[in-house]
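The opening residue of the sequence shown carries number 1 in full-length UniProt numbering; numbering runs sequentially from there.
To keep things clear, I will list the structure first and then write my remarks on it.
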Amino acid sequence: MKSGSFNPAAERSGNFEDEDVSYLMEIYSCLDEPDGLSGLACLRKSLSLQDQLLINKKAGNWAEVLTFCEQALQMEPDSVQSHSDVLNCLLNMCHLQAMVTHVDGLISRVPQYKKTWSMQGVQAAWRLGKWDMMDEYLSGADEEGLLCSGSESNASFDMDVAKILQAMMKKDQFSVAEKIALSKQALIAPLAAAGMDSYVRAYPFVVKLHLLRELEDFHTSLGDNSFLEKTFHLGDLEFTKLMNNWESRLRFTQPSLWAREPLLAFRRLVFGASGLGAQVGNCWLQYAKLCRLAGHYETANRAILEAQASGAPNVHMEKAKLQWSTRRSDGAIAELQQALLQMPEKVVGPAARSSITSLSLVPLNPQPSLCDTQASKENQDIAKTLLLYTRWIHYTGQKQKEDVITLYSRVRELQPKWDKGFFYLAKYCDEVLVDARKRQEDNSELGPRPVPLASAVVSPSTTEKRWWYSVPDVLLFYAKGLHKGHKNLFQALPRLLTLWFDFGSGYQRCGSSSNEDLKKVHEKVMSIMRGCLKDLPTYQWLTVLPQLVSRVCHQNEEIVKLVKRIITSVLRQYPQQALWIMAAVSKSTVPSRREAAAAIIQEAKKGFSQGNNGSNLFVQFASLIDHLIKLCFHPGQPKARTINISTEFSSLKRMMPLGIIMPIQQSLTVSLPTYNTSLSDSLTSDIFSASDLPTISGISDEAEILSSLQRPKKVVLLGSDGIERPFLCKPKDDLRKDARMMEFNAMINRLLSKYPESRRRKLYIRTFAVIPLTEDCGMVEWVPHTRGLRHILQDLYITCGKFDRQKTNPQIKRLYDQCQGKMPEDEMLKNKILPMFPPIFHKWFLTTFSEPAAWFRARIAYAHTTAVWSMVGHIVGLGDRHGENILFDSTTGDCVHVDFSCLFDKGLQLEKPELVPFRLTQNMIDGLGITGCEGIILWVCEITLSVLRTHRETLMSVLETFIHGPLVEWTKSHKSSGVEVQNPHAQRAISNIESRLQGVVVGVGAAPSLPLAVEGQARRLIAEAVSHKNLGKMYIRWMPWF
1 MKSGSFNPAA
11 ERSGNFEDED
21 VSYLMEIYSC
31 LDEPDGLSGL
41 ACLRKSLSLQ
51 DQLLINKKAG
61 NWAEVLTFCE
71 QALQMEPDSV
81 QSHSDVLNCL
91 LNMCHLQAMV
101 THVDGLISRV
111 PQYKKTWSMQ
121 GVQAAWRLGK
131 WDMMDEYLSG
141 ADEEGLLCSG
151 SESNASFDMD
161 VAKILQAMMK
171 KDQFSVAEKI
181 ALSKQALIAP
191 LAAAGMDSYV
201 RAYPFVVKLH
211 LLRELEDFHT
221 SLGDNSFLEK
231 TFHLGDLEFT
241 KLMNNWESRL
251 RFTQPSLWAR
261 EPLLAFRRLV
271 FGASGLGAQV
281 GNCWLQYAKL
291 CRLAGHYETA
301 NRAILEAQAS
311 GAPNVHMEKA
321 KLQWSTRRSD
331 GAIAELQQAL
341 LQMPEKVVGP
351 AARSSITSLS
361 LVPLNPQPSL
371 CDTQASKENQ
381 DIAKTLLLYT
391 RWIHYTGQKQ
401 KEDVITLYSR
411 VRELQPKWDK
421 GFFYLAKYCD
431 EVLVDARKRQ
441 EDNSELGPRP
451 VPLASAVVSP
461 STTEKRWWYS
471 VPDVLLFYAK
481 GLHKGHKNLF
491 QALPRLLTLW
501 FDFGSGYQRC
511 GSSSNEDLKK
521 VHEKVMSIMR
531 GCLKDLPTYQ
541 WLTVLPQLVS
551 RVCHQNEEIV
561 KLVKRIITSV
571 LRQYPQQALW
581 IMAAVSKSTV
591 PSRREAAAAI
601 IQEAKKGFSQ
611 GNNGSNLFVQ
621 FASLIDHLIK
631 LCFHPGQPKA
641 RTINISTEFS
651 SLKRMMPLGI
661 IMPIQQSLTV
671 SLPTYNTSLS
681 DSLTSDIFSA
691 SDLPTISGIS
701 DEAEILSSLQ
711 RPKKVVLLGS
721 DGIERPFLCK
731 PKDDLRKDAR
741 MMEFNAMINR
751 LLSKYPESRR
761 RKLYIRTFAV
771 IPLTEDCGMV
781 EWVPHTRGLR
791 HILQDLYITC
801 GKFDRQKTNP
811 QIKRLYDQCQ
821 GKMPEDEMLK
831 NKILPMFPPI
841 FHKWFLTTFS
851 EPAAWFRARI
861 AYAHTTAVWS
871 MVGHIVGLGD
881 RHGENILFDS
891 TTGDCVHVDF
901 SCLFDKGLQL
911 EKPELVPFRL
921 TQNMIDGLGI
931 TGCEGIILWV
941 CEITLSVLRT
951 HRETLMSVLE
961 TFIHGPLVEW
971 TKSHKSSGVE
981 VQNPHAQRAI
991 SNIESRLQGV
1001 VVGVGAAPSL
1011 PLAVEGQARR
1021 LIAEAVSHKN
1031 LGKMYIRWMP
1041 WF
């Protein structure tokens, strides 16, 4: 094998022999890394049947595996391995009856492997509860005979389970206890070995121990009875306690198919033996959901049929969700519609029923009404069905506005304590409002420019009301949803504020309008917002404090008064966090902002009695911020590398210790409380991840001056917990965008943690605290153990004699100047510069992570974090990704991005536009291993894009808040203005982001394209990022050769 990886950004890409790729594929399959496996397959000229079988097996695509096994059996009908693979497929696809038939056929046709077939047959027999068959297979498995490789590991554990169940049948108490103990004993050694490596490797053994524990619990509850003799009832207190315990234990397991399937199979046996059909059906439904989320739609359908046959309640919900997942939206809606028509009319409600029947996707032959006495449980099930039905109707646009609102309103009536009923209604009304506003503004005499709110201009062909009539309703529904719960807090509250501020600005522009209706709407809006201040828990306002602070100079005076009251209440409740967030506006260079902040802080101080800790905090804080600002701008001696804090900032040193919290991420990030009923502040005693937040107890004697242009200082603060934490004090840099970008990243992390594929890969963005102190300086939490890409690569090239700190960069500059206009940029890069720097980044992983398992984990972490950052950065138009703004963690391999001043496609407006969508240069690819930009990074790019595109509305609602907010300065001329201005480039930025979230490739020097599928978009972006043509046109200091 020639050295190198699949690296289109390098001078030449690696070249691979098929046998080498096969060898690597074998290794990767044992490492359980399906993403890397698929990348290796791309290195082959053509895929063999065995390769395809291996890739699909590791990815869990059992229907595909079965197809390839059939093909393999046609070529080799007597292949024992292929027959064993077929049995394994049938087991994973839950075709248990077919599996048993297949096993019986193989025992008679290939008797010399009876032991193998019997062991696999046991797996199906115990799940089916066919005890005689299980006994037969167990005796066959105990006989001497040939074993097929690879069929043992899981089959042997299933044998243990079957033997324990067999002993339970025979009422052999001693044998049950002995077999459970032996089975546990057999798991301890591999568990200990795997645990030395990682919890992920150990987890399969933990799941097996979990099942043994439940077998033990069940054996205890049987007492002296046989499995089939004792019947349990739902009224039995002990049995109910056992069921509840099992349910809560199941919630703590990994929500994946392989982990939960054996547990659910065992529970089906227990419930089935006692004739509890609904509980058996519920287990099937849980299994169906796991299959659906994993994309195994055929198996999910099979499980739904079983659930239906067992008489499980609410099968229609899972059936409809499965149809929706397979893009059969009409069938999904029809399924829910049929179910709703069979529900009691009194509960569904006559208005909602007539709205449902107005869309006849199914024949209207409602079944006789059910007895409607079990009110609350039934109401909840009906409300869930009705909500899902209405959301899908809303999404597909199949009904009139009045019908959709009627249906959402009925959900609210059925479940008045649900936040989601209000939230989805608010979202729908919001969409209608946005649509009406756009239409009315486009159709007005003034063309597409904003129309004054008071204008009564309406199209003569319609009697549609002005859009602003709907504003109070939308605000009220969002507010009521937030009052009921905070599941949608990060989407609902920023949108509620944006709508309120937007309406207020429009109202203000009208001046003292003579339009009475508009005045009434404005009064109504203000009344709703005053109600929000009174009723919403303060921690909810804390999550949007930066947005509130950015609007303290809103044009509408009434809004400003209320915003100040809201900020004051947050300051009183959470002074430690709020003061850090308000630091920049309290020291603003814009007088009106500074005065507004001073008035708020003064008002908040009144809530604390004179001389107590709270009151002292405000005094200490103002003084600390002044010192920190001076420290940021302190020039230091011309060539000095440090500042002596003890002499230059003696008063700061004397202030220590302080009662002010350390401005680190865990102390400033709200951790939402769990709740069951209505929310109140009393439930939020601790909304921060650490209960005892560290305060600043000291500052180191020296601050290091970094060598970059602005000469930022690295200051070490000592916490009350004894830990030293470094911070970067940056002068001449507006960090407000960076702070908002971190909020956005926190939102991305929440979304990634909800999506099964991203959660399984533990995808996330590394975040850190950013504290703006004024408009042009601030503090950044130092990310420990990190180093910039440029410094890492320079050291590596120096080590192998390819780089000289004095000579190399001038030499490259001369090459650039000589080739200017004489040869195309891509040829110059490829033929003149890249040969000087062969890819070398893989060596950093080898030297930094010398232990093989740590090296492998670090490289996967690098691939994951690079891919997530690449996609998120592209979506928000993040530029200036040179080698000092991308850091790498020497303890984990994580990629960390810093400096977000070049957001929203600013990089495209530079003198030398930044044409690549993200940094994926030859060394970035080299660090990804042999598969390069195929494999792991491609898969993770697709998964990340899929999550971002699925939650497009959520992301847009958050992005709009800080694109429309005055803190994002688009032009220099408005920098000192105290009055809010409309951002001239905001609309273009919003439009670009929306297009990218729809799959259009925007802003990388590409011609406008049609929306691409997720896979196409990811591949296209990677192709743009590695293109020599684009890299050759990059600014020289961006160093595209690194």
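Note that the Cβ used here is the ideal one computed from N, Cα and C, for glycine as well.
Excluding residues up to 5 positions away in sequence, E942, L945, S946, R949, G999 lie with their Cβ nearer than 8 Å to the Cβ of V1014 in the same chain. P111 carries a helical assignment under DSSP once its states are collapsed to helix, strand and coil. The Cβ neighbour count for F174, taken over all protein chains shown within 10 Å, is under 16; the residue is labelled exposed. S274 and D135 have their C-alpha atoms spaced approximately 21 Å apart. With contacts defined as CB atoms closer than 8 Å, F918 and H951 fail to qualify as a contacting pair. Assignment of beta strand (DSSP E) within the segment 707-746, counting only whole runs of 3 or more residues, yields 713-719, 724-731 in chain order. Assigned with DSSP and collapsed to three states, E1015 falls in helix.
Per DSSP, the unbroken alpha helix (DSSP H) holding V80 starts and ends at 80-92.
Contact between K1033 and E11 is ruled out by a C-beta separation of about 18 Å, above the 8 Å threshold.
Under the DSSP definition of a beta bridge, R787 partners with F888. DSSP lists N644 as the beta-bridge partner residues of E702. By DSSP's assignment, V770 forms a beta bridge with V780.
D158 has its alpha-carbon roughly 23 Å from the corresponding atom of L285. In this structure, DSSP gives T695 an extended state, which the three-state scheme calls strand.
Residue environment for C933: buried (at least 16 other C-beta atoms within 10 angstroms of its C-beta).
Apart from the 5 residues on each side of it in sequence, K179 sits with its Cβ closer than 7 Å to the Cβ of D160, K163, I164, A167 in its chain, given in chain order.
Three or more Cβ pairs closer than 8 Å define a contact, and the segment 827-846 meets that threshold against the segment 781-800. When C-beta atoms of the segment 918-930 are compared with those of the segment 873-889, three or more pairs fall below 8 Å, so the two segments count as touching. The Cβ neighbour count for T866, taken over all protein chains shown within 10 Å, is at least 16; the residue is labelled buried. Burial is judged here by how many other beta carbons sit within 10 angstroms of a residue's own beta carbon; H102 has at least 16 and is buried. Excluding residues up to 5 positions away in sequence, S310, G311, A312, P313 lie with their Cβ nearer than 8 Å to the Cβ of A278 in the same chain. Annotation: D18 to C42 spans about 11 Å, alpha carbon to alpha carbon. According to DSSP, residue pairing for I661 in a beta bridge involves T695. Taken through DSSP and simplified to helix, strand or coil, H897 comes out as strand. With the rule of 3 Cβ pairs closer than 8 Å, the segment 260-275 does not count as touching the segment 64-75. According to the DSSP assignment, K289 belongs to the alpha helix (DSSP H) that extends over 277-293.
Taking the Cα of Q547 as reference, the smallest distance to any Cα among F503, V563, T538 is reached at V563.
Using a C-beta cut-off of 8 Å, the segment 331-344 makes contact with the segment 377-393, since at least three inter-stretch Cβ pairs fall below that distance.
In the three-state DSSP reduction, V670 falls in the strand class (E or B). A distance below 8 Å separates the beta carbons of D826 and K1029. Taking C-beta atoms as the reference points, L54 and V86 fail to come closer than 8 Å. By the neighbour-count definition (other C-beta atoms within 10 Å, threshold 16), M742 is a buried residue. Look at G36 here: in three-state DSSP terms it is helix.
Distance from S586 to Q555 at the Cβ level is roughly 22 Å; contact not present, criterion being Cβ atoms closer than 8 Å. With 16 or more other Cβ atoms from the protein chains shown falling within 10 Å of its own Cβ, Y862 counts as buried. Collapsing the DSSP output to three states places D804 in coil.
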